[in-house]
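Put into structure tokens, the structure is as follows:
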């Protein structure tokens, strides 16, 4: 009998809202949206946690510039505080080495992280999801009952092709979708917005490709000052974040 | 004290199972601890005792038996089998501690000792599980 499932709900009992930042497609800026969302909420004075569940290619720690920290061990593990965010990632344990996990291992890691992490009381827990609708997405749906989803796409038809599969499965399961952010926009096109209207999914707005963003990576204070952040904030206003 | 978190999950799962089975009291819980998890058994037992005290009378008479399960790892590439003990000495303290928290990072920090592949399976000796619960209706 697997005992860890029984404790997850209790571990998340004092977390008011759980938002999974997801996409069917890789490289659309999920981690950047998730990290920036966490920074934005922390700046507004909320108690925020960020869980990077991209076990193969974690990147939130690079975006936030996390170095030389390890969770504190106290009746479980307590995530270190980074820029006012309780931040947990597999990198504390993998030392950022290549992580060749198979599906069952992914599920075990997610179960372990969710059952031993003491988040305490949080207003928001943001989950940076890996691309696709594989193990991690299914596990988050299975283990975290009160989760909501924020999806990210680029303006590309290719990206939306994969993202719409995620959106369809979330709709089929009647899970709350906060909306979709269109990232890395380069031309004026209403393609994404029009497609989302057809799917009856809220379009939160677009973020223009920000050439200055790369220079801010690794520094939370600089990220807060980027055009990316300014435009993301506009999108987030539509859902009162 | 990450043993505490695992002990809490054992007690929560046992109580949940007793509700399902309509048990008035739980008399015995048998637990398996995988070698890979490198649990400090003293701390784990202490945690179980302390958590038990905070629960209702259902657990007052419970006898908890803990068994350690030896690890078996098997390479998918060359089918070689080995145990965590065989490779433990090659790990540094940080790697060993990481495996203690998340046993699956064994795939990150170790390789098949015969062919060097990272593609192996944990056949036995992973995590903490409840093997049986007894009680009275």
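Protein chains in written order, with this note's numbering: chain A, 1 to 241; chain B, 1 to 137.
Built from N, CA and C at the ideal position, the CB exists for glycine as well.
Practice task
Mark residue 186 (chain A) as exposed unless 16 or more other C-beta atoms lie within 10 angstroms of its C-beta, in which case mark it buried.
Solution key: exposed
Practice task
Report the rounded CA-to-CA distance for residue 115 (chain A) versus residue 224 (chain A), giving the unit in angstroms.
Solution key: 32 Å
Exercise for the section: Enumerate in chain order the residues of its own chain whose CB-to-CB distance from residue 118 (chain A) is below 8 Å, with the five nearest sequence positions on each side excluded. Expected result: 11, 74, 75, 76, 77 and 78
Exercise for the section: Determine, using beta carbons only, whether residue 9 (chain B) comes closer than 8 Å to chain A. Expected result: yes
Problem - Stretch pair the stretch 54-69 of chain A + the stretch 11-18 of chain B: three plus CB contacts closer than 8 Å - result: no
Problem - Extent of the continuous alpha helix (DSSP H) run through residue 108 (chain A) - result: 103-116
Problem - Assumed close pair residue 179 (chain A), residue 201 (chain A) - CB separation to whole angstroms, cut-off 8 Å - result: 7 Å
Practice task
Work out the CA separation of residue 107 (chain A) and residue 192 (chain A) for me, nearest whole Å.
Solution key: 33 Å
Exercise for the section: Count the CB pairs spanning the stretch 126-136 of chain B and the stretch 125-137 of chain A that are closer than 8 Å, and state whether there are at least three. Expected result: no
Practice task
Taking 8 Å as the threshold, find out whether the stretch 6-22 of chain A comes into contact with the stretch 33-48 of chain A through three or more Cβ pairs.
Solution key: yes
Practice task
Taking only the alpha-carbon atoms, compute the straight-line gap between residue 159 (chain A) and residue 196 (chain A) and give it to the nearest angstrom.
Solution key: 13 Å
Practice task
Would you mind telling me which residues of chain E sit closer than 7 Å to residue 2 (chain B), beta carbon to beta carbon, in chain order?
Solution key: Included in the structure are the protein chains A and B, with no chain E among them.
Practice task
Using the DSSP secondary-structure output, state which residues sit across from residue 136 (chain B) in a beta bridge.
Solution key: B:25
Problem - residue 29 (chain B) and residue 73 (chain B) closer than 8 Å at C-beta - result: no
Handout entry: Span separating the alpha-carbon of residue 76 (chain B) from that of residue 82 (chain B)
Key = 12 Å
Practice task
Would you give the residue range spanned by the beta strand (DSSP E) that residue 151 (chain A) belongs to?
Solution key: 147-153
Handout entry: Neighbouring residues, chain B, relative to residue 100 (chain A) (Cβ below 7 Å)
Key = 107, 118 and 119
Problem - Same chain, Cβ closer than 7 Å to residue 120 (chain B), five either side skipped, listed in chain order - result: 73, 74, 75, 76 and 112
Exercise for the section: Could you check the C-alpha separation between residue 105 (chain A) and residue 6 (chain B) for me, to the nearest Å? Expected result: 18 Å
Exercise for the section: Count the CB pairs spanning the stretch 29-39 of chain B and the stretch 54-74 of chain B that are closer than 8 Å, and state whether there are at least three. Expected result: yes
Handout entry: Burial state of residue 98 (chain A), where buried means 16 or more other Cβ atoms lie within 10 Å
Key = exposed
Problem - Inter-residue Cα distance where the pair is residue 24 (chain A) and residue 85 (chain B) - result: 40 Å
Handout entry: residue 62 (chain B) classed as buried or exposed, judged by whether at least 16 other C-beta atoms fall within 10 angstroms
Key = buried
Problem - Residues near residue 49 (chain A) in its chain [Cβ-Cβ closer than 6 Å; skip 5 each side] - result: 86, 119, 122 and 125
Handout entry: chain A contacts made by the stretch 64-89 of chain B, where a contact means CB separation under 7 Å
Key = none
Handout entry: Buried/exposed call for residue 64 (chain B), threshold 16 Cβ in 10 Å
Key = buried
Practice task
Have a look at the DSSP bridge pairing and note the partners of residue 56 (chain A).
Solution key: BP columns for residue 56 (chain A) are empty, so no partner.
Handout entry: Best match in A:16, A:168, A:174 and A:155 for proximity to residue 190 (chain A) [C-alpha to C-alpha]
Key = A:155
Exercise for the section: Would you list the one or two residues that DSSP bridges to residue 128 (chain A)? Expected result: A:21 and A:52
Practice task
Determine whether the Cβ of residue 129 (chain B) lies closer than 8 Å to any Cβ atom of chain A.
Solution key: yes
Handout entry: Environment of residue 235 (chain A) [buried if 16+ CB atoms lie within 10 Å]
Key = buried
Exercise for the section: Identify, in the order they occur along the chain, each residue of the same chain with its Cβ nearer than 6 Å to the Cβ of residue 91 (chain A), setting aside the five sequence neighbours on each side. Expected result: 58 and 61
Exercise for the section: Report buried or exposed for residue 138 (chain B), applying the criterion of at least 16 other Cβ atoms within 10 angstroms of its Cβ. Expected result: Absent from the structure is residue 138 (chain B), since the part of chain B shown begins at 1 and ends at 137.
Practice task
Closer than 6 Å by C-beta to residue 43 (chain B): which residues in its own chain qualify, once you throw out the five before and the five after it? Chain order, please.
Solution key: 3
Practice task
Drop a sphere of 10 angstroms on the beta-carbon of residue 176 (chain A), count the other beta-carbons inside from all chains shown, and report buried for 16 or more, exposed for fewer.
Solution key: exposed
Problem - Contacts that residue 4 (chain A) makes with chain B (C-beta to C-beta distance below 7 Å) - result: 9
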